[in-house]
């Protein structure tokens with residue numbers, strides 16, 4: 004790439020504001036990418052996503068490989084054209100999905116054999132194929148194939164997976180030829196600081212344009228996650244972007260940025276929206292609760308999203324109770340706009356040199372309660388959806 | 004109402020072009036109203052509906068009475084404000100839903116006792132209450148409470164229901180006080196020409212601002228429906244709008260207009276859209292069929308809707324196969340835009356004095372096949388939805 008992939012603009016304690024240069028425009032960091040695994044951010048058109056302020060989203064090689072197939076998308080002009088999105092796209096290699104969704108998954112040094120969660124058909128994915136598929140999709144940032152460990156695996160098992168991840172990262176680097184596409188490595192090593200250190204060292208020596216912190220949010224408690232993030236980002240070069248995969252609740256975004264993370268993706272904001280859980284600066288609220296049934300004000304009177312500008316909480320509550328499809332879109336719009344505005348505020352606080360105060364204030368006001376877990380598990384009429 | 008509710012602009016053989024004057028603007032006829040029974044046209048925002056070209060929609064008193072409750076909507080400023088729709092609204096009285104959805108339904112001269120299809124609770128609806136509720140909703144056109152007969156009922160039973168409908172119509176007329184709201188009567192009489200004649204005579208003498216043709220599309224074959232429509236509209240005053248309830252497939256719209264109908268509503272275009280059946284001038288196509296899986300062109304290259312302007316048939320097909328929620332919205336947008344454009348073309352053909360040629364050409368090109376029935380019954384992942 005002629006331009007530098009990443010420019011660090013400002014650092015404020017550990018938090019960083021920067022810019023990613025991609026083949027589909029400049030993207031400001033810290034960055035949240037809405038999840039569009041199957042080439043669609045659930046319930047939204049690309050116009051909607053752009054209108055909410057996002058300039059980069061995430062799609063998934065595993066999902067797109069199985070359906071509609073990489074060849075179909077390639078034939079139709081690549082992923083951007085296929086889904087009519089002219090912003091930037093990051094594709095995950097599909098490694099995580101192979102490990103988490105496939106009913107069978109057999110790993111050798113050569114690659115990973117897995118079964119489709121859709122029809123049970125057998126497939127084989129190698130580092131070289133992961134690159135080939137992502138080159139065909141034409142995404143702006145692509146990821147190496149890595150071996151994911153489970154929380155609770157012992158150090159020997161974690162190390163073995165990490166070593167294989169390193170060998171695979173080298174093969175990915177060697178296989179990757181497409182210009183205008185940045186290939187990121189994924190630091191593994193589980194919850195073991197020594198392994199994280201070894202992984203960061205190995206991968207940074209290979210000089211990738213970006214680094215992801217992998218193997219987190221796999222069931223470990225948050226007291227374990229945050230120090231690992233902090234330790235890992237400290238081991239990464241400051242002139243390369245750091246991407247924390249699969250993290251994106253409001254509180255985790257604020258905490259992650261404080262620990263030097265530049266990029267995030269997460270299905271949580273859109274998934275909980277479909278369950279009726281809406282973000283406010285005071286925490287998540289469950290729109291199905293009785294207090295909203297007659298409320299004339301928007302869910303969040305301070306919010307500038309289409310949903311809050313247009314409808315009362317009572318109307319949104321009605322749509323959820325009546326199981327109307329519009330409910331899902333309106334709630335998604337609200338939650339993503341909340342996240343977009345939060346990322347904007349985060350960046351401005353860093354640029355103003357006031358991130359620490361911003362984060363403290365946000366985290367003191369934003370309540371996380373047990374209710375959230377209940378809300379997340381509800382989603383009655385969409386049960387079983389991915 | 005200070006202005007005349009309906010102006011007949013032009014007649015072409017039996018087809019009529021006109022204008023409805025409502026408290027929420029002028030509406031051109033022939034008119035199709037998208038169905039928003041629960042105060043939402045399924046999957047669409049009011050902005051979407053307006054953008055598709057519609058200026059009037061239908062909502063349902065039965066549904067809104069049960070959920071969220073008439074009082075809630077009234078307290079929130081009426082139905083227009085509640086659903087953020089500044090166009091015109093017609094509400095059905097709920098009579099048809101009481102008869103078709105309630106697990107129990109007991110009719111006396113006083114009114115109808117029914118059970119909620121949601122929670123089984125017992126309710127009582129009278130002509131006076133139907134008016135009171137619709138006044139509270141604040142819709143622009145409201146309907147009398149009528150007694151609906153089933154196809155196959157004998158003449159005696161049909162006549163009894165018709166006579167009660169007439170008495171109820173008079174009570175509705177007497178109860179209705181709200182200005183700026185037009186109350187339509189509903190002509191009954193089943194498939195019996197003599198009864199239709201008696202019903203039209205009785206109701207036109209009461210001088211309502213509009214008349215619906217009720218009791219059709221209740222299971223009778225189309226060869227029976229069309230002559231009854233033609234015969235009934237001929238009995239109605241030419242300076243009042245005629246509304247054919249629950250009819251709205253493309254071919255039925257063309258046939259209905261030819262028989263002097265001015266207004267239609269129907270859930271079919273939006274319902275079949277959610278099942279993956281898309282309208283084209285050649286007939287409905289099932290987007291899930293294999294031929295669309297790799298098709299680079301839009302479903303209907305001649306269509307100007309957002310879906311066809313933006314996405315390939317392959318992408319839409321992918322969304323349906325992947326059971327993505329965006330599929331439902333994109334298909335709904337297409338089908339409603341198709342209907343909107345059809346109504347525009349119909350009106351222009353009438354104004355040009357060429358409706359007969361237009362209708363013949365449309366009906367000769369638009370194929371109806373057995374496949375349609377299959378498509379309609381599919382809707383796998385929305386089964387059971389209303």
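Protein chains in written order, with my numbering: chain Z, 4 to 389; chain V, 4 to 389. Quick reminder that beta carbons are idealized off the backbone N, C-alpha and C, glycines included. Predicted model only: the values in this text are computed from it and were never measured.
Continuous beta strand (DSSP E) stretch holding residue i: start and end
i                      : result
residue 19 of chain V  : 18–25
residue 144 of chain V : 144–146
residue 38 of chain Z  : Looking at the DSSP string, residue 38 of chain Z is not in any beta strand (DSSP E), and its letter there is neither H nor E.
Start-to-end residues for the alpha helix (DSSP H) that takes in residue i
i                      : result
residue 98 of chain V  : 98–104
residue 67 of chain V  : 64–69
residue 82 of chain Z  : 82–86
residue 366 of chain V : 358–368
residue 13 of chain Z  : Residue 13 of chain Z -> not in any alpha helix (DSSP H); beta strand (DSSP E) instead, spanning 9–15.
residue 109 of chain Z : Not the alpha helix (DSSP H): residue 109 of chain Z falls in the beta strand (DSSP E), residues 108–110.
residue 253 of chain Z : 253–261
residue 250 of chain V : No alpha helix (DSSP H) contains residue 250 of chain V, which DSSP labels as neither H nor E.
residue 54 of chain Z  : 49–54
residue 74 of chain V  : 73–78
Where residue i sits in the DSSP three-state scheme
i                      : result
residue 182 of chain Z : coil
residue 267 of chain V : strand
residue 125 of chain V : strand
residue 137 of chain V : helix
residue 245 of chain Z : strand
residue 159 of chain Z : helix
residue 341 of chain V : helix
residue 43 of chain V  : coil
residue 32 of chain V  : strand
residue 188 of chain V : strand
residue 91 of chain V  : strand
residue 115 of chain Z : strand
residue 238 of chain V : coil
residue 346 of chain V : helix
residue 194 of chain V : coil
residue 371 of chain V : coil
residue 6 of chain V   : coil
residue 389 of chain V : Reliability fails at residue 389 of chain V, whose pLDDT of 29 lies under 50, so the model's placement of it is uncertain and the value that follows must be treated cautiously. Residue 389 of chain V falls in the coil class under three-state DSSP.
Proximal residues of chain V, C-beta to C-beta of residue i below 7 Å
i                      : result
residue 318 of chain Z : 85 and 86
Residues that residue i contacts on chain Z, provided the C-beta gap is smaller than 7 Å
i                     : result
residue 78 of chain V : 297
Proximal residues of chain Z, C-beta to C-beta of residue i below 9 Å
i                      : result
residue 115 of chain V : Near residue 115 of chain V there are no residues of chain Z at all, since even the closest Cβ is about 23 Å away, more than 9 Å.
Partner residues on chain V for residue i, Cβ-Cβ distance less than 8 Å
i                     : result
residue 46 of chain Z : 328, 329 and 332
Min CB distance residue i to chain C below 8 Å
i                      : result
residue 322 of chain Z : Looking for chain C here will not work: the only protein chains present are Z and V.
Inside the stretch 198–231 of chain V only - alpha helix (DSSP H) runs reaching at least 4 residues: none
Completely contained beta strand (DSSP E) runs for the stretch 273–332 of chain Z, where each covers 3 or more residues: Listed in chain order, the complete beta strand (DSSP E) runs (minimum 3 residues) inside the stretch 273–332 of chain Z are 280–283 and 286–289.
Interface positions of the stretch 29–43 of chain Z facing chain V (Cβ-Cβ less than 8 Å), listed along the chain: 41, 42 and 43
Contact list for the stretch 299–314 of chain V against chain Z, Cβ threshold 8 Å: For the stretch 299–314 of chain V, the residues whose beta carbon sits under 8 Å from a beta carbon of chain Z are, in order, 299, 309, 313 and 314.
Residues in the stretch 321–354 of chain Z having any Cβ partner in chain V nearer than 8 Å: 321, 322, 324, 325, 326, 327, 328, 329, 331, 332 and 333
Contact set between the stretch 57–78 of chain V and chain Z, restricted to residues whose Cβ is under 7 Å from the partner: Flagged, chain order: 70, 71, 75 and 78.
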